[in-house]
């Protein structure tokens, strides 16, 4: 079997698995967030944190809950790293320095999981399990909660209430993420991923020296890392490490895990607003972009010129031979079009245009299908923009799901789509202009600039993957990337929840002959076009200086 055919067959198998999970998982999540009953363990949790799950919240109260919970998470994870040296199970590792502790705490709380450290040489068992793994669950639950609040804004009318943040957080964690990750961890253990608490040990002699490896609760963390679109690897090689991802099957299974919740949330959206066709329209938009990007990535990596690449069956540099070009291309596109950030190959080694595709995937806003929750609310914001554009074309007040898109709504949507590009472009420009930060670049020229652009794109969009050529473990990058992660996560949430509150207060508008049908292929095409045009106009100059220049020169 040829490598191209193998890649296509894996893509088809993945689409089939996602299709099978779509309706049952989407319906289940809609039931979770619509139920008025609480499990016993949930009641215990509410008592422990002093929350009243029955109390409805306005958007400002909901936002205060998000920010307060996240602030406590940052502080706890920061302190846990700072005292690691005196904790049991630290494997002899010292406490993490302040700048890196700040960066890592912010990274995992914001669902970014950017890592400026070697996991197997920096973090002990307690920090990995009690700190990082816990945030993998709750940061994903926060994202879903915010998305559900926006969906309620479309579904409700004449009220300012969006549900209860604490109930949404606890239910998302206990009813969705914990059982899903538990099942996934069992599958991964059965397929060879390690799960233990062993210490550091030598495994043999290599090149005249010994190789030291440490074990860990890898399967359980790998499961939620993908299922919650987190991405932080237990080991520095991330999902290219055989302890995390040993076989082609586990590789495809991990891609399935990182895509299944974001795609299925479109079904949840359709059920909760009372029109599954609206969910299918959002799904079609996400799927069109995802499949298109996968096709482009496979083409750039398989068809690149050069005798060495042709003999290898594609651009194999930086890719695991047990996965090949096709599977690596699917993983790279899926991880950068979501907020996962896990890697099974090194994006810096992709062809110039291939590396550009990974950057562009994040710059779209990671909405195809995006992260757990963040992908859905990002796509719904773009749908509001697309409806507004259509309204300008025909001279009508735009409407979406029975809600008018007025001045307030479009201002909030515009602020949402502007904040992330501003963070990326301003911070990348400052890093290139100052004398010291460019010293962190492994390469010069267009590829070196791509390393910096990728880092801030990844941080501000809460992705977490790296171009693997930038030394980000400096005070400048630890601090500035941390700031980008914080602002890139929570400022957009402010606008999302404010928009949700504004929509929930409106009276529903009846459909007329002039209402744009947002569940039709025409709207899907308009939405795809709006996403690509807005992103292109925003980022084209920066992309032209980096990956496009490198790709056209090769």
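Numbering (the working numbering), first residue to last: 48 to 601. Glycine included, each C-beta is placed from N, C-alpha and C at the ideal position.
Opening and closing residue of the alpha helix (DSSP H) in which residue i lies
i, result
"residue 86", "Careful: residue 86 lies outside any alpha helix (DSSP H) and carries neither H nor E."
"residue 78", "50–81"
"residue 327", "323–349"
"residue 300", "295–320"
"residue 199", "181–202"
"residue 449", "First-last for residue 449: undefined, no H or E at that position."
"residue 587", "568–592"
"residue 268", "265–274"
"residue 368", "Taken as a continuous stretch (DSSP letters only), residue 368 belongs to no alpha helix (DSSP H), as it is neither H nor E."
"residue 212", "212–218"
"residue 235", "225–237"
Straight-line gap, residue i to residue j (C-alpha atoms, nearest Å)
i, j, result
"residue 124", "residue 405", "29 Å"
"residue 508", "residue 524", "16 Å"
"residue 518", "residue 146", "14 Å"
"residue 302", "residue 332", "19 Å"
"residue 67", "residue 311", "10 Å"
"residue 375", "residue 455", "43 Å"
"residue 307", "residue 482", "44 Å"
"residue 451", "residue 463", "18 Å"
"residue 169", "residue 550", "46 Å"
"residue 290", "residue 446", "50 Å"
"residue 29", "residue 338", "In the structure displayed, the chain extends from 48 to 601; residue 29 sits before or after that span and is not available."
"residue 112", "residue 157", "15 Å"
"residue 485", "residue 205", "53 Å"
"residue 179", "residue 539", "23 Å"
"residue 392", "residue 424", "29 Å"
"residue 59", "residue 171", "39 Å"
"residue 558", "residue 101", "33 Å"
"residue 233", "residue 304", "13 Å"
"residue 533", "residue 560", "44 Å"
"residue 379", "residue 556", "42 Å"
"residue 213", "residue 428", "24 Å"
"residue 228", "residue 174", "19 Å"
"residue 394", "residue 155", "21 Å"
"residue 129", "residue 148", "7 Å"
"residue 85", "residue 94", "12 Å"
"residue 54", "residue 372", "7 Å"
"residue 370", "residue 390", "12 Å"
"residue 207", "residue 552", "5 Å"
"residue 203", "residue 330", "22 Å"
"residue 363", "residue 61", "22 Å"
"residue 608", "residue 412", "Nothing in the structure corresponds to residue 608, since the chain is present only between 48 and 601."
Distance between beta carbons of residue j and residue i, contact taken as under 8 Å
i, j, result
"residue 247", "residue 134", "Not a contact, Cβ separation roughly 16 Å."
"residue 521", "residue 487", "6 Å"
"residue 470", "residue 535", "6 Å"
"residue 435", "residue 593", "About 31 Å separates the two Cβ atoms, so there is no contact after all."
"residue 104", "residue 211", "6 Å"
"residue 547", "residue 200", "3 Å"
"residue 602", "residue 493", "As shown, the chain starts at 48 and ends at 601. That puts residue 602 outside it, with no answer to give."
"residue 468", "residue 585", "5 Å"
"residue 131", "residue 143", "6 Å"
"residue 283", "residue 166", "6 Å"
"residue 236", "residue 264", "About 10 Å separates the two Cβ atoms, so there is no contact after all."
"residue 433", "residue 569", "Contact flag wrong, Cβ pair sits at about 11 Å."
"residue 238", "residue 294", "6 Å"
"residue 506", "residue 151", "Actually they do not touch by this definition, with Cβ atoms about 12 Å apart."
Min CB distance residue i to chain D below 8 Å
i, result
"residue 524", "The structure shown contains no chain D; it is built from a single protein chain."
message = Quick check on the DSSP output: what are the complete alpha helix (DSSP H) runs of length 4 or more inside the segment 127–174, in order along the chain?
response = Taking only runs of at least 4 residues, the alpha helix (DSSP H) segments lying wholly in the segment 127–174 are 145–156, 166–169.
ask   = Going along the chain, which unbroken runs of the beta strand (DSSP E) with 3 or more residues stay wholly within the segment 480–536?
value = For the segment 480–536, not a single whole beta strand (DSSP E) run of length 3 or above is found.
message = If we require 4 or more residues per run, which alpha helix (DSSP H) segments fall completely within the segment 383–424?
response = Entirely contained in the segment 383–424, the alpha helix (DSSP H) runs reaching 4 residues are, in chain order, 399–410.
ask   = Three or more beta-carbon pairs under 8 Å between the segment 384–391 and the segment 412–419, yes or no?
value = Touching, yes.
Stretch-stretch touch, CB-based, cutoff 8 Å, three pairs: the segment 475–485 with the segment 497–504 = Judged by Cβ distances under 8 Å, the segment 475–485 makes contact with the segment 497–504, as three or more pairs qualify.
inquiry  = Using a Cβ distance threshold of 8 Å, determine whether the segment 315–323 contacts the segment 192–212, with at least three qualifying pairs required.
reply    = Result yes; three or more Cβ-Cβ pairs closer than 8 Å.
query = At a cut of 8 Å, does the segment 238–245 reach the segment 324–344 through at least three beta carbon pairs?
reply = Because the criterion of three Cβ pairs below 8 Å is not met, the segment 238–245 and the segment 324–344 do not touch.
inquiry  = Quick test of the definition: if touching needs 3 or more C-beta pairs under 8 Å, does the segment 274–288 touch the segment 183–191?
reply    = Contact between the segment 274–288 and the segment 183–191 is established, with three or more Cβ pairs separated by less than 8 Å.
query = Just checking, does the segment 74–88 make contact with the segment 210–229 on the three C-beta pairs under 8 Å criterion?
reply = The segment 74–88 is in contact with the segment 210–229.
message = Measuring CB atoms only, is the segment 388–400 touching the segment 571–585, in the sense that at least three cross pairs come out at less than 8 Å?
response = Between the segment 388–400 and the segment 571–585 there are fewer than three inter-stretch CB-CB distances shorter than 8 Å, so the stretches are not counted as touching.
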